[in-house]
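Student: Just so you know, we're using the numbering used here here: the sequence shown kicks off at 59 and counts up by one. The structure that follows is given in the form of structure tokens.
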Amino acid sequence: MYTCILSLFLVKGQLMVDLKELKEISSSLNILYVEDDRDIAKTIINYLSKLFNEIVYAENGNDALEFYKQKEFDIVISDINMPQMSGLDLIKQIKEINGDQNVIIISAYSDSNNFITSIKLGVDGYIVKPVNYNDMNALLYKLSSKIKKFNEHDINLEQQKFLMDHISQKNQLLRQYTDVIDKVAIVSKTDLKGTITYANDFFCEISGYTKDEVIGQSHNIVRHEDMAKSVYSELWSTIKDGKVWEGTIKNKAKDGTAYFVHATIFPMFGKDNEISEYMGIRFLTTKEEVEKREFKKKVRSTYQEYKKSAIEANKKIAELNHQLSSKTQNDNFKDETIKDLKEKLGKFKSQVKYYEDEIKNIKMNNENRLNHLADKTTEVNSKISDKKRELDVKKNEIKKLKEDNELKQKEIVKLNNELIDQRKIIYDLRDTIKNIEEDDE
């Protein structure tokens, strides 16, 4: 779903741009290009050099910031994930220096948090790798035209700031309803009472309702009865305080089927800084992912219980050694203690087997889900693959638990052997005492 979206702020119908026209308006402009992958950078630089006056290349955010402080650039193009300083951190610092700087993001990732952060920073464009040059040309043409217009009309600094602020405000609204968000996320708006005032096409596609059926209705039209009321109480309490709420929600479509979303709900403020409405951006997730998160919590909890039990077992072993050293330990007590430790070891083995079976079941369910979800989106397949790798990590953790159990079993065997040796010593001592008593008689 994300991979088919190549530019965040491009207007439909403007994808094809004449390179000759682009070069005419961009040949005098300078670009700061930031990319840590040298192979990708070489390709992009070679392409941009044919269109722009100068391309200054930086391999990381720190170098780029130093270049920016030394020279003015018409456009900054940056990757997001880079060593030393991320692209978003770089843009934030650049915007602090010059709030009107034209910025384009090029990234291999379409994460919703990056989209939202880019919007807040006032980024002019977002292009997803691999780069579609038609989309990039359209975005460069749009920015170059804007820059040329400013230069031709000799707009003074105050007028330029006013115009850029006005454009930024318009872009802020445009970005909230951009076509990209409509395609990759379930978006809706409500009034202060929770009545739906806007729903995008993806919302209708997933829920099964038409826009006419949801506009004017309460948002609980898609609420699933399995969701606890306390979740929605917390949600409303958070957003009414002007804060952002984020979490996983189980919704119900018109036909009764359930679907899971990772939702981000945030308040929208009016001119008087009062909340005027609420907007929700949701990304589809799966029941299996929710189950895996719960399973991960159970594994952590079980491991903590195991460590606690191991500490208690070590304490009992220390007590047993102390009792053996005084030669007063009761044999039955020692046998019961060993039996208790063996029973606990057996329980640990059962727990390990249970989680192995759980992993097998979840893996089987994931494989079945993959067959169903493969036709819908390659993104979901990628997420499932990531979860499989997490399962492999859990297998390794369980393997370590089994190895720890085996070590504990060896320690018990060793302890049992020491008990046998201690018994022999006690028996020998008893015989010695008996002989001494007989000699005294």
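Note that CB positions come from ideal geometry on N, CA and C, so glycine has one too.
(1) Going by C-alpha distance, which of Glu-292, Tyr-256, Ala-311, Glu-304 is nearest Glu-283?
(2) In terms of alpha-carbon separation, which member of Ile-417, Leu-477, Ser-226 lies closest to Asn-454?
(3) Based on the DSSP secondary-structure assignment, which residues constitute the bridge partners of Met-511?
(4) Counting Cβ pairs closer than 8 Å, one from the stretch 113-130 and one from the stretch 175-194, do we hit at least three?
(5) Go through its chain and collect everything with a Cβ distance to Gln-142's Cβ below 8 Å, but skip five positions before and after it.
(6) Ile-456: which of Lys-411, Ile-494, Lys-397, Asp-486 sits nearest, CA to CA?
(7) Which residue from His-277, Thr-306, Val-302, Ser-276 puts its Cα closest to that of Val-289?
(8) Report the residue ranges of all beta strand (DSSP E) runs contained in full by the stretch 131-169; include only those spanning at least 3 residues, in chain order.
(9) Rounded C-beta distance between Ile-501 and Val-189? I'm assuming under 8 Å.
(10) Taking the C-alpha atoms as reference points, what is the distance between Met-194 and Thr-322?
(11) Check the C-beta distance from Gly-145 over to Asp-137 and give it rounded, since I have them as a contact under 8 Å.
(12) Are Ser-265 and Val-280 touching if we call contact CB-CB under 9 Å?
(13) Going by other Cβ atoms of all chains shown within 10 Å of its Cβ, with 16 needed for buried, is Met-222 buried or exposed?
(14) Taking C-beta to C-beta, are Asn-160 and Lys-204 nearer than 9 Å?
(15) Evaluate contact between the stretch 323-340 and the stretch 292-309, counting only Cβ atoms and requiring at least three cross-stretch pairs below 8 Å.
(16) Identify which residue in Lys-434, Asp-462, Glu-425 has its Cα closest to the Cα of Lys-445.
(17) Counting C-beta neighbours from all protein chains within 10 Å, is the total for Leu-313 16 or more, i.e. buried, or is it exposed?
(18) Give every residue of the same chain whose Cβ lies closer than 6 Å to the Cβ of Tyr-361, excluding the five residues on either side of it in the sequence, and list them in chain order.
(19) Let me know if Ala-286 comes out buried or exposed under the rule of 16 or more other beta-carbons within 10 Å of its beta-carbon.
(20) Could you pull the DSSP bridge partners for Lys-310 from this structure?
(21) With distances taken between CB atoms, is the gap from Cys-262 to Thr-255 smaller than 9 Å?
(22) Using the Cα positions of Ile-273 and Gly-252, report the straight-line distance between them to the nearest angstrom.
(23) Under a three-way DSSP split, which group does Ser-65 fall into?
(24) Measure the alpha-carbon distance for Gly-328 versus Ile-83 and round it to whole angstroms.
(25) Whose C-beta lies closer than 6 Å to the C-beta of Asp-132 among residues of the same chain, with five residues either side of it excluded?
(26) Comparing C-alpha positions only, which one of Ile-155, Val-134, Phe-208 sits nearest to Gly-183?
(27) According to DSSP, is Thr-296 helix, strand or coil?
(28) Does DSSP put Glu-495 in a helix, in a strand, or in coil?
(29) Drop a sphere of 10 angstroms on the beta-carbon of Asn-139, count the other beta-carbons inside from all chains shown, and report buried for 16 or more, exposed for fewer.
(30) Cβ of Leu-77 within 9 Å of Cβ of Val-114?
(31) What are the boundary residues of the beta strand (DSSP E) that Arg-340 is part of?
(32) On a Cα-Cα basis, can you pick out the residue from Asp-95, Lys-458, Lys-421, Gln-467 that is closest to Ile-442?
(33) Closest to Ile-155 by CA distance: which of Leu-449, Ser-165, Gln-128, Lys-460 is it?
(34) State the Cα-Cα distance for the pair Ile-149 and Thr-101, rounded to the nearest angstrom.
Tutor: To lay it out plainly:
(1) As a first step, residue 283 must be located in the sequence shown, where it is residue number 225. When each option's Cα is compared against that of Glu-283, the closest is Ala-311.
(2) Working through the sequence shown from its first residue, we reach residue 454 at position 396. Per the C-alpha coordinates, the member of Ile-417, Leu-477, Ser-226 positioned closest to Asn-454 is Ile-417.
(3) Lying outside 59 to 499, the shown extent of the chain, residue 511 is not represented and no answer is given.
(4) no
(5) For the purposes of this step, residue 142 is identified with residue 84 of the sequence shown, where counting begins at 1. Cβ neighbours of Gln-142 beyond the five flanking positions: Asn-118, Gly-119, Asn-120.
(6) Here residue 456 is taken as the residue at index 398 of the sequence shown, counted from 1. The option with the nearest alpha carbon to Ile-456 is Lys-411.
(7) As a working mapping, residue 289 is identified with position 231 in the sequence shown. It is Thr-306 whose Cα lies nearest to the Cα of Val-289.
(8) 133-136, 160-165
(9) Nothing can be reported for residue 501: it is not among the residues displayed for the chain, which extend from 59 to 499.
(10) As a first step, residue 194 must be located in the sequence shown, where it is residue number 136. As a first step, residue 322 must be located in the sequence shown, where it is residue number 264. Whole-angstrom Cα-Cα distance: 29 Å.
(11) Here the question's residue 145 lines up with position 87 in the sequence shown. Here the question's residue 137 lines up with position 79 in the sequence shown. At roughly 5 Å, the Cβ-Cβ gap stays under 8 Å, so Gly-145 and Asp-137 are in contact.
(12) The residue you call residue 265 lines up with position 207 of the sequence shown. The residue you call residue 280 lines up with position 222 of the sequence shown. In contact: Ser-265 and Val-280 (Cβ atoms closer than 9 Å).
(13) Taking the first residue of the sequence shown as 1, we reach residue 222 at position 164. By the 10 Å Cβ count, Met-222 comes out buried.
(14) Here residue 160 refers to the residue found at position 102 of the sequence shown. Here residue 204 refers to the residue found at position 146 of the sequence shown. Yes.
(15) yes
(16) Taking the sequence shown and counting its residues from 1, one reaches residue 445 at position 387. Looking at the Cα atoms, Glu-425 is the closest of the given residues.
(17) The residue you call residue 313 lines up with position 255 of the sequence shown. Residue 313 is actually Asp in this sequence, not Leu. Classification for Asp-313: exposed.
(18) Taking the first residue of the sequence shown as 1, we reach residue 361 at position 303. With a pLDDT of only 48 at Tyr-361, under the threshold of 50, the placement of this residue in the model should not be trusted; the figure read from the coordinates follows. Excluding positions up to five away in sequence, the list is empty.
(19) Indexing the sequence shown from 1 puts residue 286 at position 228. In this structure Ala-286 is exposed. Its beta-carbon is surrounded by fewer than 16 other beta-carbon atoms within 10 angstroms.
(20) Here residue 310 refers to the residue found at position 252 of the sequence shown. Per DSSP, Ala-316.
(21) Taking the sequence shown and counting its residues from 1, one reaches residue 262 at position 204. Taking the sequence shown and counting its residues from 1, one reaches residue 255 at position 197. No, the pair does not count as a contact, with Cβ atoms beyond the cut-off.
(22) The residue you call residue 273 lines up with position 215 of the sequence shown. The residue you call residue 252 lines up with position 194 of the sequence shown. For Ile-273 and Gly-252, the distance between alpha carbons rounds to 11 Å.
(23) Translated into the one-based positions of the sequence shown, residue 65 becomes position 7. Because the pLDDT at Ser-65 is just 36, under 50, the model does not fix this residue reliably, and the value given afterwards should be weighed accordingly. Strand, per DSSP.
(24) As a first step, residue 328 is located in the sequence shown; it is residue number 270 there, counting from the start. As a first step, residue 83 is located in the sequence shown; it is residue number 25 there, counting from the start. Rounded to the nearest angstrom, the two C-alpha atoms are 38 Å apart.
(25) Counting from one through the sequence shown, the residue named residue 132 turns up at place 74. Leu-87, Asn-88, Ile-205.
(26) Reading the sequence shown from its first residue, position 125 is the one you call residue 183. It is Val-134.
(27) In the sequence shown, counting from the first residue as 1, residue 296 sits at position 238. Correct three-state label for Thr-296: helix.
(28) The residue labelled residue 495 in the question sits at position 437 within the sequence shown. Correct three-state label for Glu-495: helix.
(29) As a position in the sequence shown, residue 139 is number 81, starting the count at 1. Classification of Asn-139: exposed, given that the 10 Å Cβ count is below 16.
(30) Taking the first residue of the sequence shown as position 1, residue 77 is located at position 19. Taking the first residue of the sequence shown as position 1, residue 114 is located at position 56. Result no, Cβ atoms of Leu-77 and Val-114 do not sit closer than 9 Å.
(31) On the sequence shown, residue 340 is found 282 positions in, with the first residue counted as 1. Segment 333-343, the beta strand (DSSP E) holding Arg-340.
(32) Translated into positions along the sequence shown, residue 442 becomes position 384. Comparing Cα-Cα distances from Ile-442 to each of Asp-95, Lys-458, Lys-421, Gln-467, the minimum goes to Lys-421.
(33) Along the sequence shown, read from residue 1 onward, the residue named residue 155 stands at position 97. Checking every option, the nearest Cα to that of Ile-155 belongs to Gln-128.
(34) The count along the sequence shown starts at 1 and reaches residue 149 at position 91. The count along the sequence shown starts at 1 and reaches residue 101 at position 43. Each residue's Cα considered, the two are about 23 Å apart.
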